[in-house]
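Structure, as structure tokens:
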Amino acid sequence: MKYQEFYQKSIENPEQFWADQAEAINWFKAPETILSYDHNNYPVWYKDAELNACYLAVDKHIEDGFGEQTAIIYDSPVTQTVKKYTYNEIKSEIAKLAGGLQSLGLEKGDTVVIYMPMIPQAVFAMLACARIGVTHSVVFGGFAPHELAIRIDDCKPKAIITASSGIEIERLIAYKPLVDEAIELAEHKPQNVVILNRKLGARIPFKKYDIDYDALVYGSEEASCVPVNGQHPLYVLYTSGTTGKPKGIVRDTAGYVTALKFSMKYIYGVNEGEVFWAASDVGWVVGHSYIAYGPLLNRNTTVVFEGKPIRTPDASTFWRVISEHRVSVMFTAPTAIRAIKKEDPNGEFIKQYDLSCLRTQFLAGERCDISTLEWYRSHIPIPAIDHWWQTESGWPMICNMMGVEYLPIKPGSAGKSVSGYNIQILGENGQELGPNEEGYVVIKLPLPPGTLTGLWNDEMRFKMGYLNKFDGYYFSGDGGFKDEDGYIYITGRVDDVINVAGHRLSTAEMEEIVSSHHSVAECAVIGINDELKGQIPLALVVTKSGEDIEHFQLQHEIVQLVREQIGAVASLKDVVIVQRLPKTRSGKILRKLLRSIADGENFQIPSTIDDEAIIDEVTEVLKHDKIGCFKS
């Protein structure tokens, strides 16, 4: 099969293409209407279908005779636990939890917030909700009470499912006090909090609304799968918004399961029965799509990993998990590989493990710089595939479709448009741009199945944020360009393009150059205010472990690299060395926060930040070096 022919079919006749893909789904009632449109002329997929996502992820495989296949491998280096669950075992856990939720009065159409660490019960809770038609909203475990309260007020859950604690490397985080404080802050009051006691020593203050998870599960009858309409909201997942108020991305059921089943086969190239590992968290979209739903829909064994790429116990953890559990295809963020590279620059840990089982490595979540990609490929000679997508899309939009045709890799590019996505690059006035011309990355409607159906109770914000900028297109918020071969390069959020004395320059391009320096483990390039030129670039770099290079020498060499490859117009003069870069818990560098610090602007600390202490660390460095607002 050739990629271009396969892709063209999806664009020229999307209705027929996705009707064909729908045949892979065991519907309770097959859809008669494949594609229709709502009052905003926005696509609606499989609106008259009836199905159940939990049935497709669990019960179907048991009926097909695969009940004793391992469904979930729980690997927790932070608790020194490895436990495997078969499809038969997870069905019993899920169905009993679903029955317990029904006994608490939950029914189709209700909502539940799930606030749990990376443990199997988090996946059980998601599937238990899906089993009885309850819409779940997973909130990343450890989010501050204020952020949890905002989400409680927005989606109004009838219950919260949580655990006694999470573990951040060696630090125990007690969840129950956070949940109690969030409920105090919220106007909406959930009826019950179902709490799993992990028995790790965390404080569990008792409240009248508390229900013990284990008692609920083991005292309940197994619930059957409840049929839902194709448009039934499977989940709401909140993502950060420019206004400070999170956006509740709504995902339907029919389009989502069809897209995920399609993606496992044609994008990730995973065969049924193989082990697939997405090293992420259920609190993010990757965890929803490729820890919980996608692998189980495709009858894969999915790895639920509670740990970090380093310090649990060291930079060998990923390779140990791959080798021990015979992972065929893996997915992680480039920031995880950069962290490993920083600790083990020569790849000594890699040599200790048999990684012959690993066929493909996928990378997403943060743009993959070329030096990281090349480091990986030099130590593990398999395809390392960068790809691009968003919480809103729910599954990849740009990729090298490994299940269709393995195309040549172009470092710096996320690949070509995935089937179903008519991705175009538009200029300011909506005109389509030519090869290598940078503009706005947009998708011509209709979007394929599985993408967001809207924002929870906020239609106006949905239209303003995604549909109104260019009529007939979904606006991604990112900038980029296509080359003459159709490969797409994402240059970052459109506000990451800086204007230096009238010249529009991509900070992403500068980051590629800075990260290519042999002493740099990772970096961020941002634009900061300058009286003369409007904006000038600032590079913040983290050096590799064991590197001994003078600050002045590193600054000089990096400035020369940028001057040679972009030109003096780039005006990069300031390079500072920091111990760490501020990131979200999913690994994205908080560039907007860095700009605000350097420009002396007021800022809100994002709820998703990994460690607030980094803000003070960076501020001290900028003060010491007299950078930005600290010049005077």
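Adding 502 to a residue's 1-based position in the sequence shown gives its number in the working numbering.
Backbone N, C-alpha and C fix where the C-beta goes; we use that ideal spot for every residue, glycine too.
Fair warning: this is a prediction, and the values are worked out from it, not measured in the lab.
Does DSSP classify phenylalanine 708 as helix, strand or coil?
By one-based count along the sequence shown, residue 708 stands at place 206. Reduced to three states, the DSSP call for phenylalanine 708 is coil.
Determine the burial state of glutamate 939: buried for a count of at least 16 other Cβ atoms within 10 Å of its Cβ, exposed for fewer.
Numbered from 1 along the sequence shown, position 437 holds the residue referred to as residue 939. Exposed: under 16 other Cβ atoms inside 10 Å.
Does DSSP put asparagine 554 in a helix, a strand or coil?
Residue 554 sits at position 52 when you count from the first residue of the sequence shown. Of the three classes helix, strand and coil, the one that applies to asparagine 554 here is coil, per DSSP.
Going by beta carbon distance, what residues of the same chain come within less than 7 Å of alanine 559, once the five residues before and after it are set aside?
As a first step, residue 559 is located in the sequence shown; it is residue number 57 there, counting from the start. So the qualifying residues of the chain are Leu629, Tyr795, Leu798, Leu799.
Provide the residue span of the beta strand (DSSP E) that contains glutamine 926, from first to last.
Translated into positions along the sequence shown, residue 926 becomes position 424. 924 to 928 is the span of the beta strand (DSSP E), which, as asked, contains glutamine 926.
Please report how far the alpha carbon of leucine 1074 lies from the alpha carbon of glutamate 1066, in whole angstroms.
Reading the sequence shown from its first residue, position 572 is the one you call residue 1074. Reading the sequence shown from its first residue, position 564 is the one you call residue 1066. Going from the Cα of leucine 1074 to the Cα of glutamate 1066 covers about 11 Å.
With a floor of 4 residues, list each alpha helix (DSSP H) that falls wholly inside the stretch 644 to 676, ordered by position along the chain.
Runs of the alpha helix (DSSP H) inside the stretch 644 to 676: 647 to 657.
Do the stretch 818 to 837 and the stretch 546 to 554 meet, that is, are 3 or more Cβ pairs less than 8 Å apart?
Touching, no.
Give the single residue among Asn699, Arg653, Pro707 whose Cα lies nearest to the Cα of proline 692.
Here residue 692 is taken as the residue at index 190 of the sequence shown, counted from 1. Closest option to proline 692, Cα to Cα, is Arg653.
If contacts are defined as beta-carbon pairs under 8 Å, then isoleucine 669 and tyrosine 617 qualify, I think. What distance do you get, rounded to the angstrom?
As a first step, residue 669 must be located in the sequence shown, where it is residue number 167. As a first step, residue 617 must be located in the sequence shown, where it is residue number 115. So it is not a contact: roughly 15 Å between Cβ atoms.
Taking the C-alpha atoms as reference points, what is the distance between lysine 1136 and phenylalanine 530?
Residue 1136 is absent from the model: the chain starts at 503 and stops at 1134.
Three-state secondary structure (DSSP) at asparagine 590?
Locating residue 590 in the sequence shown gives position 88, counting from the first residue. Helix.
Can you find the residues in the same chain that come closer than 7 Å, C-beta to C-beta, to asparagine 590, ignoring five residues on each side of it along the sequence?
Counting from one through the sequence shown, the residue named residue 590 turns up at place 88. Once the five neighbours on either side are set aside, the close Cβ partners of asparagine 590 are Ile564, Gly569, Glu570.
Of the residues Lys810, Gln582, Ala573, Trp786, which one's Cα is nearest the Cα of serine 594?
As a position in the sequence shown, residue 594 is number 92, starting the count at 1. The candidate whose alpha carbon is nearest that of serine 594 is Ala573.
Can isoleucine 900 and isoleucine 925 be called in contact, C-beta distance under 8 Å?
Counting from one through the sequence shown, the residue named residue 900 turns up at place 398. Counting from one through the sequence shown, the residue named residue 925 turns up at place 423. Yes. Within cutoff.
Give me the residue from Ser830, Val719, Val920 with the minimum Cα distance to alanine 597.
Position 95 of the sequence shown, counted from the start, is the residue given in the question as residue 597. The candidate whose alpha carbon is nearest that of alanine 597 is Val719.
Just verifying my parser: in three-state terms, what is the DSSP assignment at glutamine 1037?
Translated into the one-based positions of the sequence shown, residue 1037 becomes position 535. Three-state DSSP puts glutamine 1037 in a strand.
Using the C-alpha atoms, what's the distance from glycine 643 back to aspartate 712?
Here residue 712 is taken as the residue at index 210 of the sequence shown, counted from 1. Here residue 643 is taken as the residue at index 141 of the sequence shown, counted from 1. Their Cα atoms are separated by approximately 18 Å.
Is the separation between the beta-carbon of lysine 918 and that of glycine 988 shorter than 8 Å?
Position 416 of the sequence shown, counted from the start, is the residue given in the question as residue 918. Position 486 of the sequence shown, counted from the start, is the residue given in the question as residue 988. Yes, the Cβ-Cβ distance between lysine 918 and glycine 988 is below 8 Å.
Which residues in the same chain as proline 937 place their Cβ atom closer than 8 Å to its Cβ, once the five residues preceding and following it in sequence are excluded?
Taking the first residue of the sequence shown as position 1, residue 937 is located at position 435. Excluding positions up to five away in sequence, the list reads Phe983, Lys984, Asp985, Glu986.
Taking 8 Å as the cut-off, does the stretch 907 to 916 touch the stretch 716 to 734 (at least 3 CB pairs, one atom from each stretch)?
Verdict: no, contact absent.
Which whole-angstrom value describes the C-beta separation of tyrosine 557 and threonine 637, a residue pair presumed to lie in contact below a C-beta threshold of 8 Å?
As a position in the sequence shown, residue 557 is number 55, starting the count at 1. As a position in the sequence shown, residue 637 is number 135, starting the count at 1. Rounded, the Cβ-Cβ distance is 17 Å, inconsistent with contact.
Check aspartate 1032 in the structure and name its three-state DSSP category.
Within the sequence shown, residue 1032 is the residue found at index 530, counting from 1. Strand.
Please state whether the Cβ-Cβ distance between alanine 841 and tyrosine 548 is less than 8 Å.
By one-based count along the sequence shown, residue 841 stands at place 339. By one-based count along the sequence shown, residue 548 stands at place 46. No, the pair does not count as a contact, with Cβ atoms beyond the cut-off.
Going by DSSP, which residues form a beta bridge with arginine 995?
The residue given as residue 995 occupies position 493 in the sequence shown. Note: arginine 995 sits in a beta bridge opposite Asp980.
To the nearest angstrom, report how far apart arginine 869 and serine 1017 are at their CA atoms.
Residue mapping note: residue 869 aligns to position 367 of the sequence shown, counting from 1. Residue mapping note: residue 1017 aligns to position 515 of the sequence shown, counting from 1. Taking the straight line from one Cα to the other gives about 12 Å.
Could you check whether the stretch 516 to 529 touches the stretch 751 to 771, counting it as contact only if at least three pairs of C-beta atoms, one from each stretch, sit closer than 8 Å?
Segments in contact, yes.
Short of 7 Å in beta carbon distance, which residues of its chain neighbour aspartate 682, apart from the five on each side in sequence? Order them along the chain.
By 1-based counting over the sequence shown, the position of residue 682 is 180. Once the five neighbours on either side are set aside, the close Cβ partners of aspartate 682 are Pro707, Lys709.
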